[in-house]
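Student: There's a structure below that I have some questions on.
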Amino acid sequence: MASKIFLWGIFFSASSVILSIRDIWNHIPCNEEYHPPNCDFRELNLVTLDDYDRCGPAMLPLNARNYFLGAAGRRITYMKNKNEFDKIEVVPRMLRDVSKNTLETSTLGIQLDFPIGLSPVALHKLADPRGELATVEGISPFRTIMILSSMATTLIEDVGQAAQHTNITLWMQTYIFDNRTWTLELVRRAERAGFKGVVVTADAPVDGTITCDGRQSIGESDGELIVNLDITQHKLSPSATFKDIAWLRSFTKLPIIVKGILSGDDATRAIMAGASAILVSNHGGRQMDGDPATINALPGVVDAVNRMFPRRDVFLDGGIRRGTDVYKALARGRRWFSWEDPSSGDSLLMGQLV
Ligand SMILES: Cc1cc2nc3c(=O)[nH]c(=O)nc-3n(C[C@H](O)[C@H](O)[C@H](O)COP(=O)(O)O)c2cc1C
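In terms of mature numbering (1 follows the signal peptide of the UniProt record, and there is no 0), the sequence shown is residues -20 to -1, 1 to 334.
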């Protein structure tokens, strides 16, 4: 079976819906309140992402809005993630039997209703007082994967318990912290709480500088809401390398997914160090302005992974805002490996759900 491409994004839940608000701005009006007309959701016949884009900001206090909408530097990578999808054209093939179709798929032994999962997003309580529990509730009917941020506002154990009798599979996101014991503790807690995977974010050896209008920097946002670690103590490790993936591999049986990879070379290094899968990501343009759009980085990663490790899965997030983005990414990824196994045509469609 050939590798599969999964796209991770943030489409449709309490917090991620609010993230998509960013689409309407090339810059953030840092200090302005926003009162869009016709935003009573009860009166909207069809609530679309555009409605959330237009109306969402008004529902958030400024600090929360700016935190969710921010990106690094001049927001070039953030915009590019999205715009590059718009440049892709799809030539549909006609007179094929499409009467029997399914979005169901699987990855790492997990059966999924569709190839859409939730990338980790910090501070859900800034968007909803119930925080990550609201997110769990929102997606609970679906067999999907939710990656819990290490900067979550709900205890790992509580999220684990809330997801227990649902169809959701939980993965735990972590950074490599300068104190490796803390990193391991986070993973151990996730293991005990029933999480089924560990996502190591590789693109944050230091904090990114999130800007508001491309100049003004957005300050720390309600760090005291973070409950699973003490951010005054837990610092990102600028000395983290692929050896840390191998180190973590030796301590946990859970699959490790390395997030934040943008090149084929890094993808193969991560797998050689013990990663079970790769998540192509540039942190939504929040870390390094100038990173390539993830959709453009995808083929190189897929190509390298399939050449050396044809059974490994590749996921993607960044800029996915609609279903067509999902199939474009699938198509672009598959181009590089479909020759290996034409029967894997059921692969996926994984965008971002929320
Ligand atoms: C408000 C916000 C918080 C985020 N927090 C985290 C995090 O805690 N850990 C992480 O690995 N990625 C984090 N990310 C990055 C996302 O996981 C994902 O890579 C990114 O949002 C994808 O781009 P998109 O927002 O255009 O879909 C965050 C992104 C946003 C917008």
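Where a beta carbon is used, it is the ideal one built from N, C-alpha and C, also for glycine. Predicted, not measured: the structure shown is a model, and the values here were computed from it.
(1) What would DSSP say about Q141, mapped onto helix, strand or coil?
(2) Any heavy atom of ligand 1 closer than 7 Å to the CB of residue 405?
(3) Where does A51 fall in DSSP's three states?
(4) Which one or two residues does DSSP pair with I127 in a beta bridge?
(5) Might you give, ordered along the chain, the residues of its own chain that have their beta carbon closer than 8 Å to the beta carbon of G194, omitting 5 neighbours on each side?
(6) Looking at the strands, I want to know which residues DSSP matches up with D293.
(7) Nearest by alpha-carbon distance to E171: which of A184, T189, E137 and I148 is it?
(8) Could you check how far apart the C-beta atoms of V294 and S243 are, in whole angstroms? I think they sit under 8 Å.
(9) Between Y14, N61, P279 and D66, which has its C-alpha nearest residue 337's C-alpha?
(10) Around the C-beta of N46, are 16 or more other C-beta atoms found within 10 angstroms, so that it is buried, or is it exposed?
(11) In the DSSP assignment, the alpha helix (DSSP H) including I119 goes from what residue to what residue?
(12) Taking G298 as the reference, give the member of R169, L234 and G264 with the closest Cα.
(13) Assign H145 to buried or exposed, taking buried as 16 or more other Cβ atoms, counted over all protein chains shown, within 10 Å of its Cβ.
(14) For C192, which residues in the same chain have their Cβ closer than 7 Å to its Cβ, ignoring the five residues on either side in sequence?
(15) Could you give the uninterrupted runs of the alpha helix (DSSP H) lying entirely in the stretch 173 to 242, keeping only those of 4 residues or more?
(16) According to DSSP, is L310 part of a helix, a strand, or is it coil?
(17) Would a C-beta distance cut-off of 8 Å place K215 and I68 closer than the cut-off?
(18) Quick check on V116: buried or exposed, where buried means 16 or more other Cβ atoms within 10 Å of its Cβ?
(19) Could you tell me which of A132, S130, A102 and I96 sits nearest to I119, measuring between CA atoms?
(20) State the Cα-Cα distance for the pair G240 and A284, rounded to the nearest angstrom.
(21) For I56, list the residues DSSP reports as bridge partners.
(22) How would you call K60, buried or exposed, if buried means at least 16 neighbouring beta carbons within 10 angstroms?
(23) Compare the C-alpha of A247 against each of E64, P290 and F122 and name the closest.
(24) Quick one: is the Cβ of residue 382 within less than 7 Å of any heavy atom of ligand 1?
Tutor: The relevant details are as follows:
(1) Three-state DSSP puts Q141 in a helix.
(2) Absent from the model: residue 405. The displayed extent of the chain is -20 to 334, so no value can be given.
(3) For A51, the secondary structure class from DSSP, reduced to helix, strand or coil, is strand.
(4) For I127, DSSP records a beta bridge to W151.
(5) For G194, where only same-chain residues beyond five positions count, the Cβ hits under 8 Å are H7, G53, R54 and R55.
(6) For D293, the beta-bridge partners assigned by DSSP are A257.
(7) With distances taken between Cα atoms, E171 lies closest to E137.
(8) Rounded to whole angstroms, the Cβ separation of V294 and S243 is 12 Å, and the two are not in contact under 8 Å.
(9) There is no way to answer for residue 337, as the model of the chain reaches only from -20 to 334.
(10) Buried, by the Cβ-count rule.
(11) From DSSP, the alpha helix (DSSP H) with I119 extends over E112 to I119.
(12) The shortest Cα separation from G298 among R169, L234 and G264 belongs to G264.
(13) H145 comes out exposed.
(14) Correct list, in chain order: I8, C10, N46, G50 and I198.
(15) Correct list: 222 to 229.
(16) When DSSP states are grouped into helix, strand and coil, L310 belongs to the helix group.
(17) No, Cβ-Cβ distance for K215 and I68 is not below 8 Å.
(18) V116 should be labelled buried.
(19) The residue with the shortest Cα to Cα distance from I119 is I96.
(20) Cα atoms of G240 and A284: separation of roughly 16 Å, rounded to the nearest angstrom.
(21) I56 is not bridged to any residue.
(22) Flag for K60 reads buried.
(23) The shortest CA-to-CA distance from A247 to any of E64, P290 and F122 is the one to P290.
(24) Here the chain covers residues -20 to 334 and nothing more, so residue 382 does not appear.
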